[in-house]
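This report refers to the structure that appears directly beneath it.
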Amino acid sequence: MAVICAFAGVIYLFIPHDDSLDPIQPVDYRVELVTARRAAPYPVAAPAGLPADWKPTSVTFRREDGHAWHLGFLDPDGQYVAVEQSTEAPRQYVPRVTQQAAPTDTSQSVGGESWQRWEGPKYDALVRTDQGSTTVVTGTASYERLAQMAAALESESGATPSPVPSAAASS
Numbered sequence: 109m110a111v112i113c114a115f116a117g118v119i120y121l122f123i124p125h126d127d128s129l130d131p132i133q134p135v136d137y138r139v140e141l142v143t144a145r146r147a148a149p150y151p152v153a154a155p156a157g158l159p160a161d162w163k164p165t166s167v168t169f170r171r172e173d174g175h176a177w178h179l180g181f182l183d184p185d186g187q188y189v190a191v192e193q194s195t196e197a198p199r200q201y202v203p204r205v206t207q208q209a210a211p212t213d214t215s216q217s218v219g220g221e222s223w224q225r226w227e228g229p230k231y232d233a234l235v236r237t238d239q240g241s242t243t244v245v246t247g248t249a250s251y252e253r254l255a256q257m258a259a260a261l262e263s264e265s266g267a268t269p270s271p272v273p274s275a276a277a278s279s
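Here this note's numbering is used: the first residue of the sequence shown is 109, the next is one more, and so on.
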């Protein structure tokens, strides 16, 4: 066993690796977004025009699970922000995707639309229900960052999404 550990240690020392690289690689969500927009019975939302320092990290579309759309990001402060949409009943769906957040009596206007604030022990959220679906912008980020994401959301099926926030949008 000691020989194996020593051999593994020698290999580790001689294999080049760069610890300065960011371990979180951005995902390209264009294909999943096109698929979701074709399959979902509601207008699927994705951000447009976010600054380059917003990093997309995860994407899923589950038709069999209430046509659930998920798009996760790291904001410029390294906090998590997710866009969640589904046709599932809001009273079960929202607490699940917000890690058990609860509704507050506060609403927030974002882009001329009213969003309800939810607060939780892990995630906070902005929630809107319309057109047969519920849209949730949730995460560990501040309400200011959640609102920034909510304001960037577009639902037009003809829009071509950016795989990663564009550098031009941050200037």
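Built from N, CA and C at the ideal position, the CB exists for glycine as well. All of these numbers come straight from a predicted model, not from anything done at the bench.
Residues that residue i bridges to, as DSSP identifies them
i, result
"Arg-236", "Thr-243"
"Gln-224", "Ser-215, Val-235"
"Ala-176", "Arg-170"
"Glu-192", "His-178, Val-244"
"Ala-210", "Glu-227"
"Pro-164", "Phe-181"
"Leu-254", "Note: Leu-254 sits in no beta bridge, so no partner."
Residues near residue i in its chain [Cβ-Cβ closer than 7 Å; skip 5 each side]
i, result
"Pro-198", "Thr-237, Thr-242"
"Ile-132", "Lys-163, Thr-165, Leu-182"
"Thr-214", "Arg-225"
"Glu-221", "Arg-236"
"Val-205", "Glu-192, Val-244, Thr-246"
"Ser-263", "Pro-151, Val-152, Ala-153"
"Tyr-188", "Gly-180, Leu-182, Gly-247, Thr-248, Ala-249"
Through-space distance from residue j to residue i, alpha-carbon basis
i, j, result
"Asp-232", "Ser-250", "8 Å"
"Pro-149", "Asp-185", "34 Å"
"Val-111", "Val-135", "40 Å"
"Gln-208", "Leu-234", "13 Å"
"Arg-146", "Glu-196", "18 Å"
"Thr-212", "Leu-141", "31 Å"
"Ala-258", "Met-109", "54 Å"
"Pro-203", "Gly-219", "24 Å"
"Val-167", "His-178", "5 Å"
"Arg-171", "Tyr-201", "15 Å"
C-beta neighbour in chain B for residue i, strict 8 Å
i, result
"Val-244", "Here there is only one protein chain, and chain B is not present."
Buried versus exposed call for residue i [16 or more other C-beta atoms within 10 Å across all chains shown]
i, result
"Gln-239", "exposed"
"Phe-115", "exposed"
"Gln-256", "buried"
"Ser-217", "exposed"
"Ala-210", "exposed"
"Arg-253", "buried"
"Pro-229", "exposed"
"Gly-180", "buried"
Near the ligand FMN: residue i beta-carbon under 7 Å from a heavy atom
i, result
"Asp-232", "Absent from the structure shown: the ligand FMN. Ligands present: none."
Neighbourhood of residue i by C-beta distance below 8 Å, restricted to the same chain and skipping five residues each side
i, result
"Asp-173", "Ser-194, Glu-196"
"Thr-143", "Phe-169"
Ranges of the alpha helix (DSSP H) found wholly within the region 127 to 159, counting only runs of at least 4: Secondary structure remark: continuous alpha helix (DSSP H) runs of at least 4 residues inside the region 127 to 159, in chain order: 138 to 147.
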